[in-house]
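For what it's worth, this note's numbering labels the leading residue of the sequence shown as 56, then goes sequentially. Glycine included, each C-beta is placed from N, C-alpha and C at the ideal position. Structure first, then comments.
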Amino acid sequence: MIKIFIIQFLLIVASLFGGCQDEGTGWTPDMIPDENLPSDDDDDDEQVYAPISLNAPLYWSVYEYAWVAEQAGSNTNMPEVTWDANIDWVSENLLPYGYGMICTDGFMSMTNDPGIDPGGYMTHYAGIKLTDLVAKCKAKGLKLGVYDNPLWVHCSYETVVKGTEGITVGSLVYNSAKDDVLYPDKGDVFTWIVPSHKGAKEFIDGFFKYYKKIGVEFIRMDFLCLFETADGAGGMPGRGYGREEYELALKYISEAATKYQVFTSLVMPNLKNDAELEKKYGNMIRVDADTMKGGWQHFASNGPTWFNPNGWPSTSNMFTGLISWSHIAGRGKVVLDADFTRLNTFDTEGEKQSVISLQLMAGGPIAVADQYNTIVSGDLKFYQNEELLALNKDGFVGKPLSDDLWNAKNQIWYGQMSDGDYIIGFFNKEDNEYDRTLDFSEIGIEGKVKVRDLWKHQDEGEAEASLSYKIPGRSCKIVRLTKSE
């Protein structure tokens, strides 16, 4: 773990200190997705935007490519030909099922080509112009999401913050004479802006305005624990800017993201005080450790069962994370993100059904990390199950019968569709077969219901009072219950 973060640290440090002196804009009018967005000269305070959708996104990420390359000690930047192949694959195989976005991630170089954006924001990713990536995605019916953080500095300190009278980016960073940090004797891996500095709010607003203009409506903001408390990031150094600065940062981020209709994904947050700040200001929050090599280990068995509600990571795997934080989720509430899915790292159909089912049962995203040349033959069907993907379209958010990590009822999930139908998930994350039983009285179901298996795509007759199944080890059964007439 520490080795991974050290390598990532070296890559990121090398990429964050580019210049940005040119007076060009970095975009052309045909790349602007909405003609009603304000121009640089518009009075943004007069603009009114509709609220963004809080449904969990379905999308594809470069994560697997970059992580595997890092482990091999090779270049993590994805070549353009590989970008094209993956974009084509997603467009053909996943877009028809609702996966509408390609997203960048860490590991790859994040730079400013000198002078393309005068505001100081990132213009290149993995050596490719972001506007070119936007155009590639748009040509295939997809959108681009971006891994970046509005608190990171990508440009020279002399860059003037847009919307201010001469305030420079350099004046936004740590100042030992006035900033009270947790560890003043330490350095920072990232160059952070300090939200309370004059001009920081404008810099954050400009960040979201810039991304919206080039066609980006989804931002993954990483290493938030490192900014707040300088820990939880595998030993990476940091000063720790404290709770007040962290809340101010999230407040400014929320205001600007809502203004420009950009979905915010908060990554590696401490989630202190029952995620008090994150659920107030964010659209989606990470609830477990990184996917890394994936497989059943990351889904359900990565280390002992534990829950740390006041520091990153709060849990070690998807199952524990989604159980532990299920109490804060719900329709219209913050989305629980269990990180990326690499189906090619799972061994059986039961395992693959389980990782897809639980995330959709919890109202979370499916972030596909398999690639056009790593997907196992026949595995697309797990990503393409329209009866399960209907949960995402409906805005469904389920709960476990218990959020006690030592109670087997945490492996039975339930919730209602907007039409009143119930979705029940019977999971078995153990190695051996176990009985799973649901008494309808536990969730308020009365009378007979029709039962349909959402993986077999078969009706299974009627049930009354209860359901009971023998679930094989590392498997699940997902049913939809419709009131009998």
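Check: residue i C-beta below 8 Å from any heavy atom of the ligand ATP
{"i": "GLY175", "result": "This structure simply doesn't include the ligand ATP, nor any ligand for that matter."}
Residues near residue i by beta carbon distance below 7 Å, same chain, minus five either side
{"i": "ASN363", "result": "SER369"}
{"i": "LYS454", "result": "SER381, TRP468, TYR469, GLY470"}
{"i": "PHE60", "result": "Confidence at PHE60 is low in this model, with a pLDDT of 38, below 50, so the placement of that residue is unreliable and no value is reported for it."}
{"i": "ASP486", "result": "GLY528, ARG529"}
{"i": "TRP144", "result": "TYR427"}
{"i": "LYS525", "result": "GLU488, ASP490"}
As assigned by DSSP and simplified to three states, the class of residue i
{"i": "PRO455", "result": "strand"}
{"i": "SER116", "result": "strand"}
{"i": "ASP243", "result": "coil"}
{"i": "LYS511", "result": "coil"}
{"i": "LYS532", "result": "strand"}
{"i": "LYS184", "result": "strand"}
{"i": "ARG298", "result": "helix"}
{"i": "ILE526", "result": "strand"}
{"i": "CYS192", "result": "helix"}
{"i": "GLY350", "result": "helix"}
{"i": "LYS198", "result": "strand"}
{"i": "GLY174", "result": "coil"}
{"i": "PHE258", "result": "helix"}
{"i": "TRP380", "result": "coil"}
{"i": "PHE481", "result": "strand"}
{"i": "THR537", "result": "strand"}
{"i": "LYS388", "result": "coil"}
{"i": "TYR265", "result": "helix"}
{"i": "ALA520", "result": "coil"}
{"i": "VAL423", "result": "strand"}
{"i": "LYS505", "result": "strand"}
{"i": "ASP139", "result": "helix"}
{"i": "ASP77", "result": "For ASP77, the predicted structure reports a pLDDT of 28, less than 50, and the residue's modelled location is therefore unreliable. A value from the coordinates is still provided. Looking at ASP77 - three-state DSSP - the assignment turns out to be coil, as it is neither helix nor strand."}
{"i": "ASP449", "result": "helix"}
Contacts around residue i, its chain only, beta-carbon distance under 6 Å, and the 5 residues preceding and following it disregarded
{"i": "ALA344", "result": "PRO368, SER371"}
{"i": "LYS241", "result": "PRO292, ARG294"}
{"i": "LEU305", "result": "LEU332, TYR336"}
{"i": "ASN365", "result": "LYS327"}
{"i": "ALA311", "result": "ILE259, ASP260, PHE263"}
{"i": "ALA330", "result": "ILE383"}
{"i": "THR80", "result": "Any reading at THR80 must be qualified, since the residue scores a pLDDT of 23, below 50, and its modelled position is unreliable; no value is offered."}
{"i": "GLY218", "result": "GLU257"}
From the options, residue whose alpha carbon lies closest to that of residue i
{"i": "LEU377", "options": "ARG386, VAL117, ASP394", "result": "ASP394"}
{"i": "ALA463", "options": "PHE437, ARG491, LYS436", "result": "ARG491"}
{"i": "GLU19", "options": "ASP172, TYR336, CYS192, LYS335", "result": "With the chain represented from 56 up to 540, any question about residue 19 goes unanswered, as that position is not in the structure."}
{"i": "ASP514", "options": "ARG535, GLY290, TYR266, LEU321", "result": "ARG535"}
{"i": "GLU119", "options": "THR403, THR396, LEU493, CYS531", "result": "THR396"}
{"i": "GLY544", "options": "THR186, LEU398, ASP286, LEU391", "result": "Summary: the structure shown does not reach residue 544, with the chain confined to residues 56 through 540, and so no result is reported for it."}
{"i": "SER539", "options": "PHE354, TYR477, LYS525, ASN487", "result": "TYR477"}
{"i": "SER211", "options": "HIS353, GLU220, GLY225, LYS217", "result": "GLY225"}
{"i": "VAL123", "options": "GLY161, TYR114, LEU113, PRO112", "result": "GLY161"}
{"i": "PHE273", "options": "GLY182, TYR114, TYR301", "result": "TYR114"}
{"i": "ILE6", "options": "THR313, ASN428, SER164, ASP392", "result": "Residue 6 lies beyond the stretch modelled for the chain, which goes from 56 to 540, so this question has no answer here."}
{"i": "ALA422", "options": "GLY349, PRO250, ARG298, ALA520", "result": "GLY349"}
{"i": "ALA518", "options": "TRP510, VAL506, HIS512", "result": "VAL506"}
{"i": "ASP434", "options": "LEU413, LYS407, LEU446, ASP458", "result": "LYS407"}
{"i": "GLY170", "options": "THR214, PRO151, PRO205", "result": "THR214"}
{"i": "MET339", "options": "SER231, SER356, SER309", "result": "SER309"}
{"i": "GLU125", "options": "GLU501, TRP144, PHE495, SER164", "result": "SER164"}
{"i": "GLY450", "options": "VAL389, GLY502, ASN483", "result": "VAL389"}
{"i": "LYS314", "options": "TRP351, MET347, ASP260, GLU302", "result": "ASP260"}
{"i": "ASP235", "options": "LEU398, LYS448, TRP351, GLY297", "result": "GLY297"}
{"i": "ASN399", "options": "ARG386, MET347, TYR229", "result": "MET347"}
Exposure of residue i, with buried meaning 16 or more beta-carbon neighbours within 10 Å
{"i": "TRP247", "result": "buried"}
{"i": "TRP207", "result": "buried"}
{"i": "TRP361", "result": "exposed"}
{"i": "VAL402", "result": "Here residue 402 turns out to be Asp, not Val, going by the sequence shown. Exposed, by the Cβ-count rule."}
{"i": "SER116", "result": "buried"}
{"i": "PRO250", "result": "buried"}
{"i": "VAL189", "result": "buried"}
{"i": "HIS209", "result": "buried"}
{"i": "TRP138", "result": "buried"}
{"i": "VAL452", "result": "buried"}
Nonlocal neighbours in the same chain, by C-beta distance under 8 Å from residue i, ignoring five residues either side
{"i": "ALA105", "result": "Low per-residue confidence applies at ALA105: pLDDT is 38, beneath 50, and the placement is therefore not dependable, though the value from the model is reported in the following sentence. GLN316, listed in sequence order."}
{"i": "ASN465", "result": "ILE378, PRO455, LEU456, SER457, ASP458, ASP459"}
{"i": "TYR152", "result": "LEU113, TYR438, GLN439, GLU441, LEU444"}
{"i": "ASN357", "result": "ALA344, SER371, ASN372"}
Worksheet item: Are at least three pairs of beta-carbons, each pair with one atom in the region 323–331 and one in the region 271–281, less than 8 Å apart?
Response: Contact annotation: the region 323–331 touches the region 271–281, with at least three C-beta pairs closer than 8 Å.
Fill in: Touching by the beta-carbon criterion (3+ pairs, under 8 Å), the region 151–162 and the region 183–201
Three or more Cβ pairs drawn from the region 151–162 and the region 183–201 lie within less than 8 Å of each other, which places the two stretches in contact.
Worksheet item: Is the number of C-beta pairs between the region 433–442 and the region 116–135 that are closer than 8 Å three or more?
Response: With a cut-off of 8 Å, the region 116–135 and the region 433–442 do not count as touching, because too few Cβ pairs lie within range.
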